[in-house]
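Protein sequences, first through last, are from chains R and V.
Everything in the first sequence is counted per the numbering used here, starting at 1 for the first residue and increasing by one.
Everything in the second sequence is counted per the numbering used here, starting at 1001 for the first residue and increasing by one.
Number of protein chains: 2
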Amino acid sequence: MIRAAVELFAERGFEQTTAGDIAERAGVTERTFFRHFADKREVLFDGSKTMERTAYDAILAAPADLSPLDAALAGMVAGASLLEGRRDHAVRRSGIIAANPSLQERELLKLAAMADTAAEALRTRGVAEPTASLAAHSAVTVFQVGFARWLSTEVSVEEPPDVATCLAQAAAALRALT
Amino acid sequence: MIRAAVELFAERGFEQTTAGDIAERAGVTERTFFRHFADKREVLFDGSKTMERTAYDAILAAPADLSPLDAALAGMVAGASLLEGRRDHAVRRSGIIAANPSLQERELLKLAAMADTAAEALRTRGVAEPTASLAAHSAVTVFQVGFARWLSTEVSVEEPPDVATCLAQAAAALRALT
DNA sequence: CACGTCATGTCAGTAGCTGTCATCACTACA
DNA sequence: TGTAGTGATGACAGCTACTGACATGACGTG
C-alpha cells in the first residue's frame, strides 16, 4: 500500500489521489487502508516511530560526558543513518511532501514528536529543563537543515554525500551562531 | 465567529464541535464560516499572519550590528509582544490546542512559517545560508519555550510575568548550550 | 473436527469542505 | 431618483475522508 500510495502521489499529486485509488492499486478495500493507516497522510510517515526510538536509544547510549546538545545530535545522526541507503526514495518522498501543506503539517508533527522524545531522553540523562527541550529542538533543527542539504546535493557530481557529514556541517553552523 | 468557536471548543472540545455548531452560535451559515476560514482549525490562528509580519519588520529594523541570532530574537520579542495584554485568552487557546493533535499540527505549521519568514528577513540583512535558517529556527524555538513558560507561570503569585523576560531567559539557556 | 482470533470485505453514516446560483445590501454614477 | 456594479451571504447539491457495525473466511490450536 505504501508503494502504491507513493506512486500515485508522484503521478497525480496528493490531493488528486483518493484513498480508494490507493486501495484499488494495492488490491484491497478503502476500509482496509484505513485500518492500517490512521489517515491518508500517515502512509508517508511509516518509519517515523522507528527513527524516533533509534534516536532515543542513541541519546541514552551516548557517552556520559557529552554535553546535552552533543548527545541530542548523536541521536539525530543515529536516526538519520536509518535512511542512509535510501536517498532516492527520500528525495521522491520529500518532493511529495513539499508540494502539499497538509503533508508538511504532518512532517512537522513527527519532527516535534522526535524533539519531545529526545528531550525526554536528555531528562533521563539528568539534564534539566529548559535545557533539555532547547537542546532537543536545536538538534532537530540541525537534523532538518542537514537532512535537506543531504537531499539537495546533486548526485551527478559523483561525490556521494554522507548524512552524518551533512549533519555535522549544520551542527558546526549552529555553534557558530553564538 | 472566533469567539463562538473558542467558547464551543472550551465547552465540548474541538472534535465534538461541528462547523455547523460554530456557525449557528455566530448567527451565520456553515458556508459563510468556510468563506472566512479555510478550515475549522484556522479559526484559532487568526492573528498569526500579523505576528509573522511584525517579527519580519522588527528583524529588518534591528540594529545592523546585531548578530543573526540576536536580530531574529528581536523579531520574536516583537511578535510575542502583540499578545502581552491577552494572557488569559492565550492560556485558554493554548489549552484547546494542547488537547488536539490536529491543532498542534496547525500550530507547528504557523511556527514554521514564522521561521521561514524570519530566515527571509535575515537573508535580506545579508545573512547567508544555512546560518539564516538556523538562527531563525533557533529563535522560534526560544519563542516556543519562552512563551510556554510565560503561559505556565501562576498569576496567583502576583508577580506579573513579562513576555520579553521569559524569552530572554530562554535565550540565555540556549546560549548556555554551546 | 470444533473453536477462537485476526484480517478483510461490505454497507451505512457523519462531517469537513467546495462549486454554483440566487438574493440582498450598499455604492457609484448618470 | 433610478440603475448598474460589487461584495457578502444563504441555499443546495455533491465529493471525499474517515468511522462503526456486522459478516465472512483463513489459519493455528486443542
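Just so you know, even glycine gets a beta-carbon here, dropped at the ideal spot from N, CA and C.
Straight across, the Cα-Cα distance linking V/Leu1167 with R/Arg31 is about 47 angstroms. Between V/Thr1131 and R/Ala148, the C-beta gap is not smaller than 7 angstroms, which leaves the two residues out of contact.
The alpha-carbon separation between R/Arg53 and R/Gly47 amounts to approximately 10 angstroms.
Around the beta carbon of V/Val1091, fewer than 16 other beta carbons sit within 10 angstroms, so the residue counts as exposed. Here R/Ser48 carries a helix assignment [DSSP, helix/strand/coil].
Here DSSP, grouped into helix, strand and coil, assigns R/Lys110 to helix. Counting C-beta pairs with one atom in each stretch, the stretch 1098–1109 of chain V and the stretch 1120–1128 of chain V have fewer than three that are closer than 8 angstroms, which means they do not touch. Between V/Gly1075 and V/Ala1118 the beta-carbon gap is near 5 angstroms, inside 8 angstroms, which marks them as a contact. Exclusion of the five residues before and after R/Ala62 leaves Ala71 and Ala74 as the residues of its chain whose Cβ lies within less than 6 angstroms of its Cβ. If you ignore the 5 residues before and after R/Leu69, its C-beta comes within less than 7 angstroms of the C-beta of Ala135, Ser138 and Ala139, all in its own chain and listed in chain order.
Under the Cβ distance rule, R/Glu42 does not count among the residues neighbouring chain V, no pair being separated by less than 7 angstroms. At least 7 angstroms separates the beta-carbon of R/Leu66 from that of R/Ala121. Residue contact with chain V for R/Ala135: present (Cβ-Cβ distance below 7 angstroms to some residue of chain V). At a cut-off of 7 angstroms, the C-beta of R/Ala173 has a neighbouring C-beta in chain V. Within the model, the alpha-carbon separation for V/Gln1016 versus V/Asn1100 is close to 11 angstroms.
Any Cβ of chain R closer than 7 angstroms to the Cβ of V/Val1145 would place that residue at the interface, and such an atom is present.
R/Ala4 counts as buried, since at least 16 other C-beta atoms from the protein chains shown sit within 10 angstroms of its C-beta.
Your pair R/Thr141 and V/Thr1141 checks out as a contact, with CB atoms roughly 7 angstroms apart and the cut at 8 angstroms. Close to chain V, meaning a Cβ-Cβ distance shorter than 7 angstroms, are the following residues of the stretch 106–117 of chain R: Arg106, Leu108, Leu109 and Ala112. Look at V/Gly1027 here: in three-state DSSP terms it is coil, with no helix or strand label. Residues Pro161 of the same chain have their beta carbon placed closer than 6 angstroms to that of R/Thr153, with the five preceding and five following residues left out of the count.
Distance from the CA atom of R/Ala115 to the CA atom of R/Ala171, rounded to whole angstroms, is 16 angstroms. Neighbourhood of R/Leu69 in chain V, by CB distance below 8 angstroms: Leu1177 and Thr1178, in chain order.
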